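**Q** Next up is a structure, given as structure tokens.
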Amino acid sequence: MDEPTSTRVIRCTEENVKEFRQVVKAWPELHDLVKGLQEQNLFPGLRAMQITLTGSAEHVGKGLAALLPENAPVAAQSTHAG
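Just so we're aligned, residue 1 is where the sequence shown starts under the UniProt record's numbering, counting upward by one.
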């Protein structure tokens with residue numbers, strides 16, 4: 001049987017802005033998107049950002065740390081290998 005899927009929305013706040021920066025830097029596609037939007041003056045800053053995690057309760061429970069390379073699912077890691 002499939003494991004139930006959990007969802008969690010995490011908004012960037014003063015308390016987690018450092019983690020958001022780590023996620024953006026560790027995720028090449030997201031970093032390129034943010035950089036491109038900043039260059040066009042279309043990105044209002046990390047405080048306007050939110051990330052939605054979907055997956056197992058264990059994975060979603062890791063919060064933003066789930067998106068860092070050491071915690072990413074195997075499929076996500078392979079798309080970032082380069």
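Heads up, the beta-carbon is just placed ideally off N, CA and C, and yes, glycines get one too.
Since this is a predicted model, take the numbers as computed values, not measurements.
Please report the straight-line C-alpha distance between Asn16 and Glu29, rounded to a whole angstrom.
**A** Numbered from 1 along the sequence shown, position 16 holds the residue referred to as residue 16. Numbered from 1 along the sequence shown, position 29 holds the residue referred to as residue 29. C-alpha separation (whole angstroms): 21 Å.
**Q** Compare the C-alpha of Met49 against each of Cys12, His31 and Leu42 and name the closest.
**A** Counting from 1 along the sequence shown, the entry for residue 49 is found at position 49. Considering only alpha carbons, the answer is Cys12.
**Q** Got a sec? Which residues, its chain only, sit under 6 Å from Ala26 by beta carbon, not counting five neighbours each side?
**A** Here residue 26 refers to the residue found at position 26 when the sequence shown is read from its first residue. Hits under 6 Å: Leu68 and Pro69.
**Q** Considering Cα atoms alone, identify which of Ile10, Thr5, Lys35 and Ser6 is closest to Leu64.
**A** As a working mapping, residue 64 is identified with position 64 in the sequence shown. Minimum Cα distance to Leu64 is reached at Ile10.
**Q** In this structure, does DSSP put Gln40 in helix, strand or coil?
**A** Within the sequence shown, the letter at position 40 stands for residue 40. Correct three-state label for Gln40: coil.
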